[in-house]
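Asks:
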Amino acid sequence: MEMEISLEIVQELAPDQASLNAAKKLLNPTKWPVREKAASLNSIWGQCQGSGAKPYYIMADVVDHGYKCTCPSRKFPCKHVLALMWQFAEGANDFLDKEPPEWVNDWLGRKRKSGTPNPDDDKPIAKKNINVTQEEELKALSPEEQTKKDAAKQKRAAQTKAKTNATISAGLVELQQWVSDQLRSGIGSFIKEMNERCRRIAARLVDAKATSLASRLDELPAKLMVVRAELQANLAFKELGQLLLLSEAWFADNNDADARLAIATAENRDQVLSNSNTIRHSGIWGNVGEKIVTRRDGLVSHATWLLNTVDDPIRFALLLDHYPASAGRREVGLSVGAQLEGVLAFYPSRYPLRAFLIEHKVLTTESQVSWPKPSTDLWAGYQQQLSQLPWSEHYPYLLNTGRILRDSKGHYWWQDNLAQQHLPLSNANLPQLLLGCELRSAFILWDGDRAELFSAHTEQWGTIAC
Amino acid sequence: MLTENTINEEQELIEQLQRRWMIGSDEPLSLDALPQSWRPIIETQAVERHSIMTLALASQHQCVLFQPEPPGDLIHHTPLPDLQQPLIPQRLRPLFRRIIKNVNKQAALKPGILLELLLRRGYIAHPADWLPSAADEELPDIYLPWCQWAATEIGTHNSHDSESLNADNWDDWYPAQRISQLKALRFKDSAMARILVETCAHKEPADKRLRVIQTLAINLCEDDVTYLQELLKDRSQKIVTLAAQYLARLGKGIRTKTDSKESNNAKELAQGYELKKTGIIKKRVQVSPLKLKSKKQQAIRSEQLENTLLSDFADTLGINVTQLAASWQFSENRPHDNQAFVANSVNTLAEDGIERLIENILNYIATDDAELHLLHMLTPRLSESRRSSLMGEIVKKHSINFSFRDYLSFSHTPLIELHWNTLKSTRPWKSLEKEIKKDLEENGYIDSHAIARELSALGMFLPQEAAAQTLNAIFDLGVLRADPITDHLKFNADLSPHH
């Protein structure tokens, strides 16, 4: 069956002219690592590199014009859906015929009624024209105007930054005083009232524009709650001590990229890409772990850990995206065990970890490569990371051959195959299969006390996600 | 360079500091309370910052020096046994996971059914997607090593080597899996199973003991008589009754203290029935009920039908018990009496009696539009292969009124042969087709759980080709191609046999 969609339909679906203009900018095929179709399902889908760390996943039905996209836009359809349909209207042959991947099937499964209800039916429809988008691009400034505009923009940015720095510094003075107060009144009473106390100081830090630090404090009670009572105080000492070190790093140099990233809002994609210190790494990256957590501030934090399978020493990357919990479920994408080939840009750091995808393609199961062997010692690596970033919450590491065992209380431990090294695992539950096989390697996040196991690679059963 | 002594001294001081912070203190922190090597760093700070700066150093110190040691010996687990069978194709694993997740929500669907389908096509499940749990019953035999691994390694028991249930490892199995294994063993080697029951049943409490002894219903034979006679002395009355019924099945009506009462019951019951002879060339008997006057009499009859030894009842009517099974007139009796009669037959009829009863019921449901539940009551007496062949016959009979879900409650074995042309002219398909059309007309999509359950059932027992044709037929009706209600059929249609 031949599938088609016309440009008139794309124009009709667009909520406004601005959406069409924005969609037009996404028509560059390099922004689309995946463009595929399945005629039997009347469906097209793709991945588009947006402003997040991971690409957005978009699909559309070419018959009933239903659509879905993982971006957080409140416009329906968003520019990504329009751009996907637009590309299909102009070049259906650029879309490869494929079996729908799991996320497409999953969405199709939940899409029950044919036709997409339009919540804006009663609103007057603004005029929009798909051809106008080309004219818009022609409006350019003269070189003098552009220089003037850029200079003004830079000045504004510098003023804003100075003001933000002053606000953050004031917030951090308050934080240090707060920690001092907790030590005076006793960590015992802090643990009893940690929810309220952390919430209050977190709110003060949000006001002080130290948003990343605020959310770390807001999550501290949750972190303490999951460990056994006798370990809570030690963890509280460690966490509060690390926050102090972080604030000291800021006072020493508020331009330090690592301290800024851990305290203030992360820079956006364009800012990172325009920074000359940004490191780019290409390679075959395997997804070794996923973690989706709904935070107390109402945001969902979606972390994907990638492992470069060819680099030596081993290189990890953390793709981190946040979106409002109210935006609904969107944990689609690369499943644990899947691999992609592409380029990642890392946020400037003494210990580069946080990154986003610049361009990539997903590898088929047949062309996947095996996980590399870890070459550094866990303790040496962890200490090295702490010497660079003393406030690190976790250290990603690939464990060598070993087994999962349990102690008499049923807690999980990892043991190397010589039975010389033992690591307690923080996972409350693990797939049963992991107890019954030898692990060739395993991906963990080490927090100084315990390891969280994310996935393991086995000879017999392949990759097992935890 | 830090010596072990220095480390210990420093650790002692850090622990003192931690105790102080734990309780809280308004006193300024003295430099003497700090490890020697920290003092030069802290003394440069204002006094009011000593505490927090020391906390910062202590946090790093703990991160770097701490290396965990397990508390005592760790429990080692044996490797999950290799079942020497190909694993499910990788591309079908996501669909398998979706189906198995859904399986427990539907009473008629059990993991065993999905695993049986997989096995019939030559594969086993990936253990990361599924492993046996305590509640899983009637799994294909190939998974027995995994069942025992899960029960011994993941459960609380110690591990050992053997692969199937025996007297030594009796306690290491979950009760449901024990029953499932006993049933399987009873079909394969009834004497071995009885010896195991004899050796181990007495260790179980009454309710569990009853379930264990009920497995003897399968392939009940003369060799079981001695053990059944011993059970007449069991402390549980339910077990005594069961043993008496099984002995009756074997034609060994044991006279117990209640027998004279039972014999009277049989006479009283027989007075309410008449024996008719039909057929001109081939004479056949029919046992037909006489009309009763009151509800109380009806209630007494139902109770007697359930509890009287059927051999006594038949004797009083002047026929044998097998003839009684063949000549019972289901269409003339009240449904409640029919149920009581079949329930009694399950426990007391010998094999040939059961076969006559099946024929009788099949004729009844084919001509009287009755449902399958009477047949369903007989399942404890039927082997899986008998159930499967019976369902094969039923599916092909166009006149029988049943639902596809009924198939799964009878049998776990997918059909080897069923043509789409046969399926599409059956009553359940026609009624399903009608329901789908109606739902699509009303909603534009399938909203009915009943339809979803029927399609899931079809997906589990159809042969591959018929599953593919059924899928096409429902898509032609307008069901969305990606609707999850088609998952089971898609899985079936996609699961080509392993070569």
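If you're matching them up, the sequences are chains A and B in order.
Numbering of the first sequence is given in the numbering used here, commencing with residue 82 and proceeding in unit increments.
Numbering of the second sequence is given in the numbering used here, commencing with residue 544 and proceeding in unit increments.
Positions of the beta carbon are idealized from the N, C-alpha and C atoms, including for glycine.
(1) I need the straight-line Cα distance from residue 568 (chain B) to residue 585 (chain B), nearest angstrom please.
(2) Please tell me whether residue 545 (chain A) has its Cβ less than 8 Å away from any Cβ of chain B.
(3) Go ahead and label residue 619 (chain B) buried or exposed: buried means 16 or more other beta carbons lie within 10 angstroms of its beta carbon, across all protein chains shown.
(4) Taking Cβ positions only, does residue 529 (chain A) come closer than 8 Å to chain B?
(5) With burial defined as no fewer than 16 other Cβ atoms inside 10 Å of the residue's Cβ, what is the status of residue 800 (chain B): buried or exposed?
(6) Residue 437 (chain A) lies in the beta strand (DSSP E); which residues open and close that run?
(7) Using 8 Å as the limit for Cβ to Cβ distance, is residue 203 (chain A) near chain B?
(8) Could you give the DSSP three-state label for residue 546 (chain B): helix, strand or coil?
(9) Assuming residue 548 (chain A) and residue 291 (chain A) are in contact, meaning their beta carbons sit under 8 Å apart, how far apart are those beta carbons, in whole angstroms?
(10) So for residue 134 (chain A), helix, strand or coil by DSSP?
(11) Does the stretch 161–168 of chain A come into contact with the stretch 131–143 of chain A, if we say contact requires no fewer than three beta-carbon pairs (one atom in each stretch) closer than 8 Å?
(12) Listed from N- to C-terminal order along the chain, which residues in the stretch 475–486 of chain A have their beta-carbon within a distance smaller than 9 Å of any beta-carbon of chain B?
(13) Taking the beta carbon of residue 874 (chain B) as the centre, do at least 16 other beta carbons fall within 10 Å, making it buried, or is it exposed?
(14) Taking the continuous beta strand (DSSP E) assigned at residue 69 (chain A), which residues delimit it?
(15) According to DSSP, is residue 375 (chain A) helix, strand or coil?
(16) In chain A, what lies closer than 7 Å to residue 627 (chain B) by C-beta?
(17) Going along the chain, which residues of its own chain have a beta-carbon closer than 6 Å to the beta-carbon of residue 203 (chain A), five neighbours each way excluded?
(18) Let me confirm a value: residue 263 (chain A) is counted as buried when at least 16 other C-beta atoms fall within 10 Å, else exposed. Which label applies?
(19) Please state whether the Cβ-Cβ distance between residue 905 (chain B) and residue 868 (chain B) is less than 8 Å.
(20) Am I right that residue 367 (chain A) and residue 392 (chain A) are in contact with their C-beta atoms under 8 Å? What's the rounded C-beta distance?
(21) Nearest to residue 276 (chain A) by alpha carbon, out of A:111, A:361, A:433 and A:306?
(22) My output table needs one value for residue 322 (chain A): the three-state DSSP class, helix, strand or coil.
(23) So which residues on chain B does residue 347 (chain A) lean against when the C-beta distance must stay under 7 Å?
(24) Go ahead and pull the three-state DSSP assignment for residue 1027 (chain B).
(25) Taking the CB atoms as reference points, tell me whether residue 426 (chain A) and residue 359 (chain A) lie closer together than 8 Å.
(26) Can you give me the C-alpha to C-alpha distance between residue 113 (chain A) and residue 402 (chain A), rounded to a whole angstrom?
(27) Take residue 181 (chain A) as the anchor and find which of A:170, A:143, A:524 and A:117 has the nearest alpha-carbon.
(28) Checking 8 Å against the spacing of the C-beta atoms, do residue 777 (chain B) and residue 783 (chain B) come in under that value?
(29) According to DSSP, residue 382 (chain A) sits in a beta bridge with which residue or residues?
(30) Can you look up residue 397 (chain A) in the DSSP assignment and give me helix, strand or coil?
(31) Does DSSP classify residue 610 (chain B) as helix, strand or coil?
(32) Inspect the beta-carbon positions of residue 255 (chain A) and residue 285 (chain A) and report whether they are closer than 8 Å.
(33) Our contact map puts residue 872 (chain B) next to residue 830 (chain B) with C-beta atoms below 8 Å; I'd like the distance itself, whole angstroms only.
(34) With C-beta atoms as the reference, is residue 725 (chain B) less than 8 Å away from residue 735 (chain B)?
(35) Rounding to the nearest angstrom, what Cα-Cα distance links residue 945 (chain B) and residue 958 (chain B) in this structure?
(36) With 8 Å as the threshold, decide whether the Cβ of residue 766 (chain B) is near any Cβ in chain A.
Replies: Taking the structure as given:
(1) For this step, residue 568 (chain B) is matched to residue 25 along the second sequence. For this step, residue 585 (chain B) is matched to residue 42 along the second sequence. Distance between the alpha carbons of residue 568 (chain B) and residue 585 (chain B) is about 18 Å.
(2) Indexing the first sequence from 1 puts residue 545 (chain A) at position 464. Yes, residue 545 (chain A) counts as interfacial toward chain B.
(3) Taking the first residue of the second sequence as position 1, residue 619 (chain B) is located at position 76. Label assigned to residue 619 (chain B): exposed.
(4) Sequence index remark: in the first sequence, residue 529 (chain A) carries index 448 (1-based). Closer than 8 Å: yes.
(5) Locating residue 800 (chain B) in the second sequence gives position 257, counting from the first residue. Confidence in residue 800 (chain B) is poor, its pLDDT being 47 and thus under 50, which makes the residue's placement unreliable; the coordinate value appears in the next sentence. It counts as exposed.
(6) Here residue 437 (chain A) is taken as the residue at index 356 of the first sequence, counted from 1. Its beta strand (DSSP E) spans residues 435–443.
(7) Numbered from 1 along the first sequence, position 122 holds the residue referred to as residue 203 (chain A). Note that residue 203 (chain A) has pLDDT 49, beneath the 50 cutoff, so the model's placement of it is unreliable and the number below is only indicative. No, no contact with chain B.
(8) Numbered from its first residue, the second sequence carries residue 546 (chain B) at position 3. Three-state result, residue 546 (chain B): coil.
(9) Here chain A comprises residues numbered 82 to 547, so residue 548 (chain A) is not present and cannot be evaluated.
(10) Within the first sequence, numbered from 1, the residue matching residue 134 (chain A) stands at position 53. Here residue 134 (chain A) sits in coil by DSSP.
(11) yes
(12) 484, 485 and 486
(13) Indexing the second sequence from 1 puts residue 874 (chain B) at position 331. Exposed, by the Cβ-count rule.
(14) With chain A covering only 82 through 547, there is no way to say anything about residue 69 (chain A).
(15) Here residue 375 (chain A) corresponds to residue number 294 of the first sequence, with the count starting at 1. The answer is strand: DSSP assigns residue 375 (chain A) an E or B state.
(16) Locating residue 627 (chain B) in the second sequence gives position 84, counting from the first residue. Within 7 Å Cβ-Cβ: nothing; residue 627 (chain B) doesn't reach chain A, min ~12 Å.
(17) What you label residue 203 (chain A) is simply residue 122 of the first sequence in a count that begins at 1. Annotation note: pLDDT 49 at residue 203 (chain A) (below 50); position unreliable, coordinate value reported separately. Excluding residues within five positions, none has a Cβ falling inside 6 Å.
(18) Counting from one through the first sequence, the residue named residue 263 (chain A) turns up at place 182. Flag for residue 263 (chain A) reads buried.
(19) Numbered from 1 along the second sequence, position 362 holds the residue referred to as residue 905 (chain B). Numbered from 1 along the second sequence, position 325 holds the residue referred to as residue 868 (chain B). Against a cut-off of 8 Å, the Cβ pair of residue 868 (chain B) and residue 905 (chain B) comes out as no contact.
(20) Translated into positions along the first sequence, residue 367 (chain A) becomes position 286. Translated into positions along the first sequence, residue 392 (chain A) becomes position 311. Between residue 392 (chain A) and residue 367 (chain A) the Cβ distance is about 12 Å, and since that is not below 8 Å, they are no contact.
(21) The residue you call residue 276 (chain A) lines up with position 195 of the first sequence. The shortest C-alpha separation from residue 276 (chain A) is found at A:306.
(22) For the purposes of this step, residue 322 (chain A) is taken as residue 241 along the first sequence, with counting starting at 1. In the structure shown, residue 322 (chain A) sits in a helix (DSSP, three-state: H, G or I).
(23) Here the question's residue 347 (chain A) lines up with position 266 in the first sequence. The premise fails here: residue 347 (chain A) is roughly 24 Å from chain B at the closest Cβ pair, so nothing lies under 7 Å.
(24) Counting from one through the second sequence, the residue named residue 1027 (chain B) turns up at place 484. Residue state, collapsed to three classes: helix.
(25) What you label residue 426 (chain A) is simply residue 345 of the first sequence in a count that begins at 1. What you label residue 359 (chain A) is simply residue 278 of the first sequence in a count that begins at 1. Yes, Cβ-Cβ distance for residue 426 (chain A) and residue 359 (chain A) is below 8 Å.
(26) Along the first sequence, read from residue 1 onward, the residue named residue 113 (chain A) stands at position 32. Along the first sequence, read from residue 1 onward, the residue named residue 402 (chain A) stands at position 321. Those two C-alpha atoms are separated by around 19 Å.
(27) Numbered from its first residue, the first sequence carries residue 181 (chain A) at position 100. Of A:170, A:143, A:524 and A:117, the residue nearest in Cα terms is A:117.
(28) Residue 777 (chain B) sits at position 234 when you count from the first residue of the second sequence. Residue 783 (chain B) sits at position 240 when you count from the first residue of the second sequence. Going by C-beta atoms, residue 777 (chain B) is nearer than 8 Å to residue 783 (chain B).
(29) On the first sequence, position 301 is the one that residue 382 (chain A) refers to. A:374 and A:403, per the DSSP bridge assignment.
(30) Indexing the first sequence from 1 puts residue 397 (chain A) at position 316. Strand at residue 397 (chain A).
(31) Taking the second sequence and counting its residues from 1, the one referred to as residue 610 (chain B) is at position 67. Of the three classes helix, strand and coil, the one that applies to residue 610 (chain B) here is coil, per DSSP.
(32) Taking the first sequence and counting its residues from 1, the one referred to as residue 255 (chain A) is at position 174. Taking the first sequence and counting its residues from 1, the one referred to as residue 285 (chain A) is at position 204. Yes, these two residues count as a Cβ contact at 8 Å.
(33) Position 329 of the second sequence, counting from 1, holds the residue named residue 872 (chain B). Position 287 of the second sequence, counting from 1, holds the residue named residue 830 (chain B). About 6 Å; that satisfies the 8 Å criterion.
(34) Against the second sequence, residue 725 (chain B) aligns to sequence position 182. Against the second sequence, residue 735 (chain B) aligns to sequence position 192. Cβ atoms of residue 725 (chain B) and residue 735 (chain B): not closer than 8 Å.
(35) The residue given as residue 945 (chain B) occupies position 402 in the second sequence. The residue given as residue 958 (chain B) occupies position 415 in the second sequence. Looking at the two C-alpha atoms, the distance is approximately 16 Å.
(36) Residue numbering aside, residue 766 (chain B) sits at position 223 when the second sequence is read from its first letter. By this cut-off, residue 766 (chain B) is not an interface position.
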